[in-house]
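So the structure is just underneath, and the comments pick up after that.
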Amino acid sequence: MVGRGSFDFYVDVTSLPTGGSGSVQLIQIAIPTKELRYVEKAGFFVAEVRYSISLRSGDKVVYARLLQMKDSRDALPRVKDLSSFLCHIDSCDVDPGSYRLTVKVEDLQRRKRTLLGILRKIYFSSTVKDAAFDVRPFPADGIALADPILVWESDRSGQFIPNPMQIYGLRKDTLSVYVRASMPAGSTADSLDVRFALTRDTGEAMEEAFFKVPVGENRSAFLRSVDLAAYPAGAYRLTVETRAPGGLFASSGKDFSVAWELVNWQKPMRDIMFEARILLDDREYDDFAEMTLGEQEAFMRGFWKKLDPTPQTAVNEIFEKFQARLRYTDSHFGSFERGALTDRGFTYIRFGPPDEIVNKPLPQGRDDLYGGIEKIIDEYNIMLEGIMMQPTKDGRQQRPLIISPDKKRATRGAVGNDVGSFEVWSYSFKGDPLLPGDKGMTVKQGIRFLFLDKDGVGDYRLTGSSENMSVGD
């Protein structure tokens, strides 16, 4: 489970047997320190977060908790990636059944800079909302085998830090797993036979081991580690099978992924998804969104490999160009949000620097504005998008009314209260498209994009183009 919002965090839930029909749910929460704000206080750097946990069965809340946690350090975290995180473990007893879990995390050092945020103390936050999961009953007359717990670090005393991110590779190339089992009442078994296996999502067997673990007071537990250094990026499945005299058998499993690219450990998931949105079509993007981090890394590696113009060299020029355009757009178009997220940034990344940019002010009056837009349409052969025609009293369609595509309402510029401007980007010589699919532009006329800054504050929105196409197609 991944919390989304102002930052990313990770949640995992593990069922542990209690000896009866119920079980203990171990709720593991991890927040990468790179996502948090550290503030210097009395010579220390402090991050402070607030957790709210709610577990529901139908309409009934069966468990709820609200708590705060501080992380105090002598210096700012040096390793700003997924190998450094705050971890919280909570637990509750539940009966078998279907449940929904909601976890909200607030960064108490980052209050939203709006009047409402200041007055009501609203902080930057992220949420796992109504995540559904089932709690299976453990057998009373068989081996009660818990779900494997993925471990990030452990010590000789048996204490460990879980890994709810379920990611290994560059920053932790050793998979560690904690497994617990309980035997039925009256069992005389003094050991369990264990099969421990790892497979890729393709079905390829990667690791298989057989061993025994001791049983004491009808309980058994073990910590197993596997070196993943030779494992390629991708998704994997861990399977644990246990056997005992009398034909007793139980199995459980856990999915995890392996990622080796430094950029995947350093970037927030929202940035990875945004870059995928720039590069992939709708179907590919939907499939990409369902992948694990390791699967995403393997997919993008293949994606860039296909585009590499010089595969015999160590440098992929197309990938380097993409990264350079991301940096350029972030530094040149980011007035109110990340520059690459803006319409001009998106267009620049996909089509490259325009051959010509025309920047002119928009007229202030309503009639002058309509006339100005019409001149732009005629002069630059633009087909407007997000445009509706303003009906007259007799029902006929008349002049265009500029509509904000995301809000579907008339912009402030349409009523003539602000001095805005427009930009026309012209690609007369096909520009420098990043992707092969973008090279199908009109060769003779090139292509033009119209951006409107309706309020004169530098917030340019894509309004139309000279071709009946979408930048994201």
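Using my numbering, the first residue of the sequence shown is number 57, and each one after it goes up by one. In this text, a Cβ means the ideal position worked out from N, Cα and C, and glycines have one as well. Just so it is clear, the structure is predicted and the values come from calculations on it, not from any experiment.
Under 8 Å by Cβ, that's how I've got residue i and residue j pegged, so tell me the actual separation to the nearest angstrom.
i, j, result
"Ala-245", "Ala-289", "No, Ala-245 and Ala-289 are not in contact; Cβ-Cβ is about 40 Å, not under 8 Å."
"Val-184", "Val-67", "5 Å"
"Pro-73", "Ala-265", "With a Cβ gap of about 23 Å, Pro-73 and Ala-265 do not count as contacting."
"Val-102", "Val-95", "6 Å"
Return the first residue and the last residue of the alpha helix (DSSP H) that residue i is part of.
i, result
"Trp-360", "349-363"
"Thr-74", "Run containing Thr-74: none; DSSP gives neither H nor E here."
"Asp-132", "Looking at the sequence itself, residue 132 is Leu, so the reference to Asp does not match. That residue, Leu-132, is in no alpha helix (DSSP H); it is neither H nor E in DSSP."
"Asp-190", "Run containing Asp-190: none in the alpha helix (DSSP H); it sits in the beta strand (DSSP E), 179-191."
What is the residue span of the beta strand (DSSP E) that residue i lies within?
i, result
"Leu-304", "304-315"
"Leu-142", "141-150"
"Tyr-224", "223-225"
"Ala-103", "100-113"
"Thr-158", "153-167"
"Asp-509", "503-509"
"Tyr-404", "Where Tyr-404 is concerned, there is no enclosing beta strand (DSSP E), although the alpha helix (DSSP H) it sits in stretches over 399-407."
"Arg-299", "290-300"
"Ser-387", "That residue, Ser-387, is in no beta strand (DSSP E); its alpha helix (DSSP H) goes 373-388."
"Phe-344", "Segment 338-345 is the alpha helix (DSSP H) holding Phe-344; no beta strand (DSSP E) there."
"Tyr-516", "First-last for Tyr-516: undefined, no H or E at that position."
"Pro-417", "412-417"
"Gln-84", "79-88"
"Ser-484", "Segment: none, Ser-484 is in no beta strand (DSSP E) and carries neither H nor E."
"Ala-277", "275-283"
"Val-271", "Element bounds for Val-271: n/a, residue is neither H nor E."
Is there at least one non-hydrogen atom of the ligand NAP closer than 8 Å to the beta-carbon of residue i?
i, result
"Asp-211", "With respect to small molecules bound, the structure shown includes none, and the ligand NAP cannot be examined in it."
In whole angstroms, give me the CA-to-CA distance for residue i and residue j.
i, j, result
"Leu-491", "Lys-362", "11 Å"
"Arg-400", "Met-329", "19 Å"
"Asp-386", "Thr-298", "53 Å"
"Ala-291", "Gly-225", "11 Å"
"Ala-188", "Gly-61", "19 Å"
"Arg-251", "His-144", "30 Å"
"Asp-343", "Ile-223", "19 Å"
"Phe-111", "Ser-281", "Inspection of the sequence shows that residue 111 is occupied by Leu rather than by Phe. Going from the Cα of Leu-111 to the Cα of Ser-281 covers about 32 Å."
"Glu-351", "Val-58", "16 Å"
"Gln-453", "Ile-87", "Reliability of the predicted coordinates at Gln-453 is poor, the pLDDT of 34 falling under 50, and the value obtained from them is presented with this limitation in mind. Spanning the two alpha carbons is a distance of roughly 54 Å."
"Asp-488", "Ile-374", "11 Å"
"Ala-396", "Gln-124", "35 Å"
"Asp-338", "Ser-113", "35 Å"
"Ile-109", "Pro-133", "27 Å"
"Phe-278", "Arg-236", "7 Å"
"Ala-120", "Thr-255", "37 Å"
"Asp-257", "Pro-410", "43 Å"
"Ala-261", "Ala-332", "30 Å"
"Glu-317", "Leu-231", "17 Å"
"Glu-209", "Ile-85", "15 Å"
"Leu-518", "Glu-376", "26 Å"
"Gly-153", "Phe-63", "31 Å"
"Asp-211", "Ala-300", "29 Å"
"Phe-65", "Pro-220", "9 Å"
"Met-347", "Phe-389", "30 Å"
"Lys-310", "Val-271", "23 Å"
"Tyr-49", "Val-191", "Any answer about residue 49 is impossible in this case: the structure gives the chain only from 57 up to 529."
Taking all protein chains shown into account, do 16 or more other C-beta atoms lie within 10 angstroms of the C-beta of residue i, making it buried, or fewer, making it exposed?
i, result
"Thr-398", "buried"
"Asn-415", "exposed"
"Phe-367", "The question names Phe, but residue 367 in the sequence shown is Pro. So Pro-367 ends up on the exposed side."
"Gly-520", "buried"
"Asp-203", "buried"
"Lys-228", "buried"
"Lys-97", "exposed"
"Arg-381", "buried"
"Ala-241", "exposed"
"Ala-285", "exposed"
"Lys-510", "buried"
"Pro-417", "exposed"
"Leu-349", "buried"
"Leu-122", "exposed"
"Phe-267", "exposed"
Counting contacts by CB-CB distance shorter than 9 Å, is residue i in contact with chain D?
i, result
"Phe-375", "Considering every chain present, this structure includes no chain D. It has just one protein chain."
Looking at residue j and residue i, is the spacing between their C-beta atoms short of 9 Å?
i, j, result
"Thr-89", "Ser-128", "no"
"Asp-149", "Val-80", "yes"
"Ile-205", "Val-159", "no"
"Ser-276", "Leu-248", "yes"
"Leu-92", "Leu-142", "yes"
"Arg-504", "Ser-477", "no"
"Ser-243", "Gly-302", "yes"
"Asp-532", "Ser-181", "No information on residue 532 is available, as it lies outside the stretch 57 to 529 that the chain covers here."
"Ser-308", "Val-296", "yes"
"Ile-405", "Ile-334", "yes"
"Ala-306", "Pro-195", "yes"
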